[in-house]
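K.L.:
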Amino acid sequence: MPRDHSIQSVLIIGSGPIVIGQACEFDYAGTQAARSLREEGIEVILINSNPATIMTDPVTADHVYLKPLEKKYIVEILKNHRVDAVLPTMGGQTALNLAMDCEKAGIWKKYGVRIIGVDIKAIDTTEDRENFRLKMIELGVNVCRGETAQSFLQGKEIAQDIGFPLVIRPSYTLGGTGGGFVNEARNFDAALNAGLHASPIHEVLIEQSIVGWKEYELELLRDAIGNMIIVCSIENFDPMGIHTGDSVTVAPAMTLPDTTYQEMRNLAIRMMNGIGQFAGGCNVQFALNPADDTIIAIEINPRVSRSSALASKATGYPIAKIAAKLAIGYHL
Numbered sequence: 138m139p140r141d142h143s144i145q146s147v148l149i150i151g152s153g154p155i156v157i158g159q160a161c162e163f164d165y166a167g168t169q170a171a172r173s174l175r176e177e178g179i180e181v182i183l184i185n186s187n188p189a190t191i192m193t194d195p196v197t198a199d200h201v202y203l204k205p206l207e208k209k210y211i212v213e214i215l216k217n218h219r220v221d222a223v224l225p226t227m228g229g230q231t232a233l234n235l236a237m238d239c240e241k242a243g244i245w246k247k248y249g250v251r252i253i254g255v256d257i258k259a260i261d262t263t264e265d266r267e268n269f270r271l272k273m274i275e276l277g278v279n280v281c282r283g284e285t286a287q288s289f290l291q292g293k294e295i296a297q298d299i300g301f302p303l304v305i306r307p308s309y310t311l312g313g314t315g316g317g318f319v320n321e322a323r324n325f326d327a328a329l330n331a332g333l334h335a336s337p338i339h340e341v342l343i344e345q346s347i348v349g350w351k352e353y354e355l356e357l358l359r360d361a362i363g364n365m366i367i368v369c370s371i372e373n374f375d376p377m378g379i380h381t382g383d384s385v386t387v388a389p390a391m392t393l394p395d396t397t398y399q400e401m402r403n404l405a406i407r408m409m410n411g412i413g414q415f416a417g418g419c420n421v422q423f424a425l426n427p428a429d430d431t432i433i434a435i436e437i438n439p440r441v442s443r444s445s446a447l448a449s450k451a452t453g454y455p456i457a458k459i460a461a462k463l464a465i466g467y468h469l
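If you read the sequence shown in the numbering used here, its first letter stands for residue 138, the second for the next number, and so on.
1. So, for SER384: in the same chain, excluding its five sequence neighbours on each side, which residues have a beta-carbon less than 8 Å away from its beta-carbon?
2. Classify LYS272: buried if its beta carbon has 16 or more other beta carbons within 10 angstroms, exposed otherwise.
3. For GLN422, tell me which candidate among TRP350, ALA428, SER143, THR168 has the shortest Cα-Cα distance.
4. Check whether the Cβ atoms of VAL223 and LEU148 lie closer than 8 Å to each other.
5. Can the beta-carbon of TYR309 be found less than 8 Å from the beta-carbon of SER288?
6. Sort GLY249, LYS450, PRO139 by Cα distance to ILE371 and report the nearest one.
7. Any idea what DSSP makes of LEU358, helix, strand or coil?
8. Excluding the 5 residues flanking MET391 on each side, which residues of the same chain have their C-beta closer than 8 Å to its C-beta?
9. Where does ARG323 fall in DSSP's three states?
10. Alpha carbon to alpha carbon, how far is GLU340 from GLU294?
11. With respect to the beta strand (DSSP E) encompassing THR285, which residues constitute its N-terminal and C-terminal limits?
12. Does DSSP put HIS200 in a helix, a strand or coil?
13. Rounding to the nearest angstrom, what Cα-Cα distance links ILE155 and PHE301 in this structure?
14. In this structure, does DSSP put GLU436 in helix, strand or coil?
15. Among the candidates GLU162, PRO389, ASP199, ASN187, whose CA atom is the shortest distance from the CA of ALA171?
16. Does the Cβ of GLN230 have 16 or more other Cβ atoms within 10 Å, making it buried, or fewer, making it exposed?
17. Going by DSSP in three states, ALA189 sits in which element: helix, strand or coil?
18. Measure the beta-carbon distance from THR226 to ALA460 and round it to whole angstroms, keeping in mind my assumption that it falls under 8 Å.
19. Use the C-beta contact count for ASN403: other C-beta atoms within 10 angstroms, 16 or more gives buried, fewer gives exposed.
20. With burial defined as no fewer than 16 other Cβ atoms inside 10 Å of the residue's Cβ, what is the status of SER143: buried or exposed?
21. What's the gap between the Cα of ARG140 and the Cα of LEU183?
22. Exposed or buried, ASN420, counting other C-beta atoms within 10 Å across all chains shown (16 or more means buried)?
23. Tell me the DSSP secondary structure of GLN422 in three-state form.
24. Taking the alpha-carbon positions, what's the GLU356 to GLN291 distance?
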């Protein structure tokens with residue numbers, strides 16, 4: 138299927154400075170995507186606040202803006218250029234959050250800019266912990282027992298209901314910021330306060346702890362008509378409890394029986410189809426109980442992640458490049 142010729146110029150949002158939790162994997166993705174779009178004759182405008190990246194080199198994009206990743210600078214770019222679409226999936230959590238802010242402020246609608254590579258509903262479902270939990274239950278996918286809390290008292294009630302050990306996960310944060318494990322009641326108050334403060338919307342998910350379970354990831358790509366491929370399976374050497382970004386990983390997964398892998402694959406496809414019908418990439422994380430092979434969905438990221446960069450290197454399949462092609466209408 139040929140590309141969508143109504144898209145003549147694309148804005149790529151970068152990931153900003155290298156911080157703990159996101160590093161050069163998004164530079165790798167953004168650079169690949171910019172080259173992929175330019176070889177199709179599409180004008181690429183790029184915004185990133187980090188000058189120490191390959192993607193901000195003058196040869197990577199047609200127009201490079203070294204500006205802070207804020208709404209007012211997006212508006213400035215949209216006033217200067219006729220932008221048809223924005224691709225926010227190459228800049229990690231930072232870019233997705235900025236795209237969401239611009240959507241809520243009505244900026245994309247005002248300037249007639251389409252969001253490609255993901256849809257707002259998918260970002261909302263995957264980033265809001267309660268929405269994610271409810272969507273997974275609706276799809277028949279196992280998730281940890283848990284509830285979201287917007288206040289300290291609400292959090293205390295949930296903890297008493299579920300019992301310890303617990304995990305606290307703040308909404309709309311990157312790399313587990315502000316979250317943590319609570320094994321005993323005496324440590325809970327401080328951890329709950331930290332989590333509520335870390336979340337920009339003052340919300341945390343409090344759920345049962347599955348520390349010690351095996352952790353797996355799948356990288357998926359889907360086109361506009363629903364064709365889907367599993368690019369790679371990844372096994373974390375360290376169990377649940379070690380953040381996936383800090384864990385040693387092996388690709389492909391080595392200790393998965395075929396029946397369990399097929400079940401995981403089917404769940405991943407169901408999850409990606411369930412969150413929205415966009416063309417692009419997804420990273421799905423699962424926990425597996427070594428005792429009885431119970432599979433629990435941990436999260437789904439509708440964007441290029443650091444696992445995508447690892448999978449690209451391990452398999453030789455350029456995920457970010459293909460994700461950019463799919464976003465402009467090509468089929469697998």
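Where a beta carbon is used, it is the ideal one built from N, C-alpha and C, also for glycine.
Note that the structure is predicted; figures quoted are calculated from it, not measured.
P.N.:
On the basis of the coordinates in this document:
1. By 1-based counting over the sequence shown, the position of residue 384 is 247. Contacts found: GLU352, ASN373, PHE374, ASP375.
2. Here the question's residue 272 lines up with position 135 in the sequence shown. Buried: at least 16 other Cβ atoms inside 10 Å.
3. Position 285 of the sequence shown, counted from the first residue, corresponds to residue 422. Of the listed residues, the one whose Cα sits closest to GLN422 is TRP350.
4. One-based indexing of the sequence shown puts residue 223 at position 86. One-based indexing of the sequence shown puts residue 148 at position 11. Against a cut-off of 8 Å, the Cβ pair of LEU148 and VAL223 comes out as a contact.
5. As a working note, residue 309 is residue 172 in the sequence shown. As a working note, residue 288 is residue 151 in the sequence shown. No.
6. Taking the sequence shown and counting its residues from 1, one reaches residue 371 at position 234. Among GLY249, LYS450, PRO139, the Cα nearest to that of ILE371 is on LYS450.
7. Here residue 358 corresponds to residue number 221 of the sequence shown, with the count starting at 1. Three-state DSSP puts LEU358 in a strand.
8. The sequence position of residue 391 within the sequence shown is 254, counting from 1. Within the same chain, MET391 has close Cβ partners GLU372.
9. Within the sequence shown, residue 323 is the residue found at index 186, counting from 1. Three-state result, ARG323: helix.
10. Sequence index remark: in the sequence shown, residue 340 carries index 203 (1-based). Sequence index remark: in the sequence shown, residue 294 carries index 157 (1-based). Near 15 Å, if we compare the C-alpha coordinates of GLU294 and GLU340.
11. Mapped onto the sequence shown, residue 285 falls at position 148. DSSP places THR285 inside the beta strand (DSSP E), whose first and last residues are 283-286.
12. Looking up residue 200 in the sequence shown gives position 63. Correct three-state label for HIS200: strand.
13. The residue you call residue 155 lines up with position 18 of the sequence shown. The residue you call residue 301 lines up with position 164 of the sequence shown. Approximately 35 Å, taken between the alpha carbons.
14. By 1-based counting over the sequence shown, the position of residue 436 is 299. If DSSP states are grouped into helix, strand and coil, GLU436 belongs with the strands.
15. Here residue 171 corresponds to residue number 34 of the sequence shown, with the count starting at 1. Considering only alpha carbons, the answer is ASP199.
16. Position 93 of the sequence shown, counting from 1, holds the residue named residue 230. Classification of GLN230: buried, given that the 10 Å Cβ count is 16 or more.
17. Counted from its first residue, the sequence shown places residue 189 at position 52. Reduced to three states, the DSSP call for ALA189 is coil.
18. By 1-based counting over the sequence shown, the position of residue 226 is 89. By 1-based counting over the sequence shown, the position of residue 460 is 323. The Cβ separation is near 7 Å, so the contact holds.
19. Stepping through the sequence shown from its first residue, residue 403 is reached at position 266. Result: exposed.
20. Residue mapping note: residue 143 aligns to position 6 of the sequence shown, counting from 1. SER143 comes out exposed.
21. Residue numbering aside, residue 140 sits at position 3 when the sequence shown is read from its first letter. Residue numbering aside, residue 183 sits at position 46 when the sequence shown is read from its first letter. C-alpha separation (whole angstroms): 21 Å.
22. The sequence position of residue 420 within the sequence shown is 283, counting from 1. ASN420 is buried by the Cβ-count criterion.
23. Here residue 422 refers to the residue found at position 285 when the sequence shown is read from its first residue. Three-state result, GLN422: strand.
24. Locating residue 356 in the sequence shown gives position 219, where the first residue counts as 1. Locating residue 291 in the sequence shown gives position 154, where the first residue counts as 1. Each residue's Cα considered, the two are about 36 Å apart.
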